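Chains as they are written, first to last, in the numbering used here: chain A, 23 to 258; chain B, 317 to 547. Notes to accompany the following structure.
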Amino acid sequence: MNAILPLRLEEVSFAAGGRVIIERVSLSLEAGPSTIILGANGAGKSVLMRLMHGLLAPTSGRVAWSGEGARRRQAMVFQRPVMLRRSAYANVDYALKVAGVQAAQRDRLATEALEEVGLRQVAQRPARVLSGGEQQRLALARAWALHPEVLFLDEPTANLDPGATREIETIIKAFDAAGTKVVMSTHSLGQARRLGDEVIFLHQGRAAERSAIERFFPHPASPEAAAFVKGELAWA
Amino acid sequence: MLDAILSGLRLAATLDLRLWEIVGLSLAVSLSAVALATLLGLPLGAAIAVGRFPGRQAVIVVLNALMGLPPVVVGLFVYLLLSRAGPLGELGLLFTPQAMVIAQTVLVLPIIAALAWQAVEDAWREYEEQLRSLGVDGLHGALTVLWDIRFSLVTAVLAGLGRASAEVGAVMIVGGNIDGVTRVMTTTIALETSKGDLPLALGLGMVLIAIVLALNAAAQMIKEAAQRRYG
C-alpha cells in the first residue's frame, strides 16, 4: 500500500545566510510508526520537514523517496493554515483539482474529507472566517481528500487552545489508522506521547537521538534529550 | 465667477448634448485604456512577483521609472510611433480615439503592473509554501493568487483609471483635440479655459469630479462587501 517509503536522508545539510540549520542528518523513515520530530524552538524541526517534503532543497546531501511520483503522494499541514478566499468546500476542491482528480470524483472526496474533520456543516462558509481551529481542521481535510501516503505536520496545534488541539489530535490519529504515515514536529512532550510511536530528537540541527516513544521518555539516551525532557517536564 | 459656476452647473444638469458627447468619449477612451492595461498589467505584475527570470531586475527598474513618466512624454513617444513616417504610421491611427487609447494604455500599464506586483508579492509570501506543497506550479500559482486577491487589485485598477482620466498631455498630442472627434473632457477644459469660456470648463470639471468620485465609491463598496464575504 505504501509505495514511496522508506524515505532516506543521506548526510543532509541545509544552510541559509551563512548559518547551518540542519547538519549532516542521515535517517530513514519507514511505513508504519508515527514519527515525532521533537526539539526546542530553533532546533531545525520545521526546516527538516520542509527538506523531507521537498519545499527546500538541501545544501548538501540527498533526500530520496523509494517510489515514483512521491511528490503527489504526500501532503503537509503547516503551523498556520493558509486558506484561499473561497468556501471551505472550494478549498478542498482546489487541492483535488490541482492533484488532477476528475470532476466526477472530486465532490465525493471533498464531502467525505469535510465530514471526516467535522466541517460538513460549514462547508459553504468562507474558509477565512472560520476559527483558527476550524481552519486547521480544514487544512487536514484538504490533506485527507488527497489520501496521501505520508502526511507531514509542522507543529499543527502550536497556535490552538486545548479543545481545538484535542480535535486536531483525533484527526491525526484517524490518518494513522487509515494507513497514512504521520511525521509530525512538536515541542510538546504530551503531544509526542499521545500521537507518536517513535521520536527523532533534534538538537541544534543534528539528529541527536532516535528511539521508540516508550523508551525515549523514561530513558533518553543522549544528554541533550535528557536535558530537554527534564526541562520540559518541569513546566508540564 | 459665481455666474460661471452657476452656468457650469446648468450645463451639466441639462445634459447639454455637446457636453455629453465629450464626456462619453472621455469615458470610452479612458475605460478602454484601463481595461487593456489591466489585461496586460495584472499578469505582468504577477509574473514579476512570482517568477525568477533573467532580466527581472531590469523590468522592475523600467516599470518604476515609467510610473513617473509625464503624460506629454508618453504622448510624444506614441506620436512618433504613429506619425506617418513612424514605424506604425501605415495604420493611420494618429488623431483618432484609438491613438488616445494606445497612449493612455502606455501611461497606465506601469502603474497597474507595479501595484499588482506589490500586492501579489505580499500574498505570494503567504501562499507559496502551501501552494507548492499542493503541487501548484509557478504560473498556476500566480493565477490563483491573482484571483484570490482580486478585490484588493481594484485599488490598482482605480489608480490607473485616476491617472488616465486626469491626464491631458498625452491625449492632446496624439488626439489633436479635434472637435467632435478626439475632444475629451481634459482637453476641452484646457482649451475652454484658455479661450475664457469658463462655464463649459467648469461644467466639465464638475462632471469629471463626480465620475471619479462615483467610481471610487463603487470600488470601495465592492471591496468592503468582498472583505465581509470572503474574509
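Backbone N, C-alpha and C fix where the C-beta goes; we use that ideal spot for every residue, glycine too. Quantities reported herein were computed from a predicted structural model and do not represent experimental measurements.
Contacts of A/P148 in chain B (Cβ-Cβ under 9 Å): Translated into positions along the first sequence, residue 148 of chain A becomes position 126. Those within 9 Å of A/P148 in chain B are R545, Y546 and G547.
8 Å Cβ cutoff, A/F250 in contact with chain B: Indexing the first sequence from 1 puts residue 250 of chain A at position 228. No, its Cβ sits nowhere closer than 8 Å to a Cβ of chain B.
Closer than 8 Å to chain B by CB, A/L106: Within the first sequence, residue 106 of chain A is the residue found at index 84, counting from 1. Interface residue, yes.
Buried or exposed by the 16-neighbour rule on C-beta atoms within 10 Å, applied to A/H75: As a working note, residue 75 of chain A is residue 53 in the first sequence. Burial call: buried.
Length of the line joining the Cα atoms of A/R46 and A/K67: Here residue 46 of chain A refers to the residue found at position 24 of the first sequence. Here residue 67 of chain A refers to the residue found at position 45 of the first sequence. Those two C-alpha atoms are separated by around 14 Å.
Cut-off 8 Å between Cβ atoms - residues of its own chain near B/A320, not counting five sequence neighbours on either side: As a working mapping, residue 320 of chain B is identified with position 4 in the second sequence. Within the same chain, B/A320 has close Cβ partners L514, P515 and L518.
Cα-Cα separation between B/I494 and B/F411, rounded to whole angstroms: On the second sequence, residue 494 of chain B is found 178 positions in, with the first residue counted as 1. On the second sequence, residue 411 of chain B is found 95 positions in, with the first residue counted as 1. Roughly 8 Å separates the two Cα atoms.
Alpha-carbon to alpha-carbon, B/Q536 and B/P359: Along the second sequence, one-based indexing puts residue 359 of chain B at 43. Along the second sequence, one-based indexing puts residue 536 of chain B at 220. If you take the alpha carbons of B/P359 and B/Q536, they lie about 23 Å apart.
The region 227 to 247 of chain A in contact with the region 76 to 91 of chain A per 3-pair CB rule at 8 Å: no
A/M105 - DSSP class collapsed to helix/strand/coil: Counting from 1 along the first sequence, the entry for residue 105 of chain A is found at position 83. Coil at A/M105, not helix or strand.
Option in B/V490, B/R334 and B/A458 with minimal Cα separation from A/L106: The sequence position of residue 106 of chain A within the first sequence is 84, counting from 1. Selected option, being the one with the closest Cα: B/A458.
Beta-carbon proximity check, B/G361 vs B/A475, cutoff 8 Å: Along the second sequence, one-based indexing puts residue 361 of chain B at 45. Along the second sequence, one-based indexing puts residue 475 of chain B at 159. Result no, Cβ atoms of B/G361 and B/A475 do not sit closer than 8 Å.
As assigned by DSSP and simplified to three states, the class of A/Q124: Against the first sequence, residue 124 of chain A aligns to sequence position 102. A/Q124: coil per DSSP, three-state reduction.
Cα-Cα separation, A/L136 to A/Q101: Start at 1 with the first residue of the first sequence, and residue 136 of chain A comes out as number 114. Start at 1 with the first residue of the first sequence, and residue 101 of chain A comes out as number 79. Distance between the alpha carbons of A/L136 and A/Q101: 20 Å.
Contact list for B/E540 against chain A, beta-carbon separation under 7 Å: The residue you call residue 540 of chain B lines up with position 224 of the second sequence. The premise fails here: B/E540 is roughly 14 Å from chain A at the closest Cβ pair, so nothing lies under 7 Å.
Three-state secondary structure (DSSP) of A/P4: This structure leaves residue 4 of chain A out entirely; chain A is present only between 23 and 258.
Backbone CA spacing between B/E540 and B/A526 [nearest angstrom]: Mapped onto the second sequence, residue 540 of chain B falls at position 224. Mapped onto the second sequence, residue 526 of chain B falls at position 210. Rounded to the nearest angstrom, the two C-alpha atoms are 21 Å apart.
Short Cβ contact (8 Å threshold) for B/L341 with B/P386: As a first step, residue 341 of chain B is located in the second sequence; it is residue number 25 there, counting from the start. As a first step, residue 386 of chain B is located in the second sequence; it is residue number 70 there, counting from the start. Contact: no.
Inter-stretch contact at 8 Å, needing at least 3 Cβ pairs: the region 388 to 402 of chain B / the region 478 to 497 of chain B: yes
Alpha-carbon to alpha-carbon, B/I538 and B/V523: For this step, residue 523 of chain B is matched to residue 207 along the second sequence. For this step, residue 538 of chain B is matched to residue 222 along the second sequence. Roughly 23 Å separates the two Cα atoms.
Bridge-paired residues (DSSP) for A/L175: The sequence position of residue 175 of chain A within the first sequence is 153, counting from 1. Looking at the DSSP assignment, A/L175 forms a beta bridge with A/V99 and A/M206.
The alpha helix (DSSP H) enclosing A/R30, as first and last residue numbers: The sequence position of residue 30 of chain A within the first sequence is 8, counting from 1. No alpha helix (DSSP H) contains A/R30, which is instead part of the beta strand (DSSP E) from L29 to A38.
Contact under 8 Å by Cβ, A/I58 with A/G253: As a position in the first sequence, residue 58 of chain A is number 36, starting the count at 1. As a position in the first sequence, residue 253 of chain A is number 231, starting the count at 1. Cβ distance not < 8 Å, so A/I58 and A/G253 don't count as in contact.
Partner residues on chain B for A/R94, Cβ-Cβ distance less than 9 Å: Counting from one through the first sequence, the residue named residue 94 of chain A turns up at place 72. Here the neighbours are G451.
Cβ of B/E442 within 8 Å of any chain A Cβ: In the second sequence, counting from the first residue as 1, residue 442 of chain B sits at position 126. It does; some Cβ of chain A falls within 8 Å.
Nearest-angstrom Cα separation, counted from A/G40 out to A/R93: Here residue 93 of chain A is taken as the residue at index 71 of the first sequence, counted from 1. Here residue 40 of chain A is taken as the residue at index 18 of the first sequence, counted from 1. Taking the straight line joining both Cα atoms gives about 29 Å.
Beta-carbon neighbours of B/Q273, restricted to chain A and to distances below 7 Å: Absent from the model: residue 273 of chain B. The displayed extent of chain B is 317 to 547, so no value can be given.
Inter-residue CB distance, B/V436 and B/L462 (contact presumed, cutoff 8 Å): Here the question's residue 436 of chain B lines up with position 120 in the second sequence. Here the question's residue 462 of chain B lines up with position 146 in the second sequence. Right, the Cβ-Cβ distance comes to about 6 Å (below 8 Å), so this counts as a contact.
Inter-residue Cα distance where the pair is B/L507 and B/L407: Locating residue 507 of chain B in the second sequence gives position 191, counting from the first residue. Locating residue 407 of chain B in the second sequence gives position 91, counting from the first residue. Computed Cα separation, rounded: 28 Å.
Closer than 7 Å: A/A199 CB and nearest the ligand COA heavy atom: Among the components modelled here there is no ligand, and therefore nothing to report on the ligand COA.
Partners in chain D for B/D464, counting only beta-carbon separations shorter than 7 Å: Here chain D cannot be found, since the structure's protein chains are A and B.
Contacting residues, own chain, Cβ-Cβ under 8 Å from B/Y443 (five flanking each side not counted): Residue 443 of chain B sits at position 127 when you count from the first residue of the second sequence. Around B/Y443: G457, T460, V461 and D464.
Start and end residues, alpha helix (DSSP H) containing A/E52: Position 30 of the first sequence, counting from 1, holds the residue named residue 52 of chain A. Here A/E52 belongs to no alpha helix (DSSP H), and DSSP marks it neither H nor E.
Endpoints, the beta strand (DSSP E) within which B/I465 is located: In the second sequence, residue 465 of chain B corresponds to position 149, counting from 1. Premise fails: B/I465 is in no beta strand (DSSP E) and is neither H nor E.
At least 3 beta-carbon pairs within less than 8 Å: the region 208 to 228 of chain A vs the region 154 to 162 of chain A: no
8 Å contact criterion, which A/Q146 and A/Y111 should meet: CB distance rounded: Position 124 of the first sequence holds residue 146 of chain A. Position 89 of the first sequence holds residue 111 of chain A. The pair is a contact, with the Cβ atoms about 6 Å apart (cut-off 8 Å).
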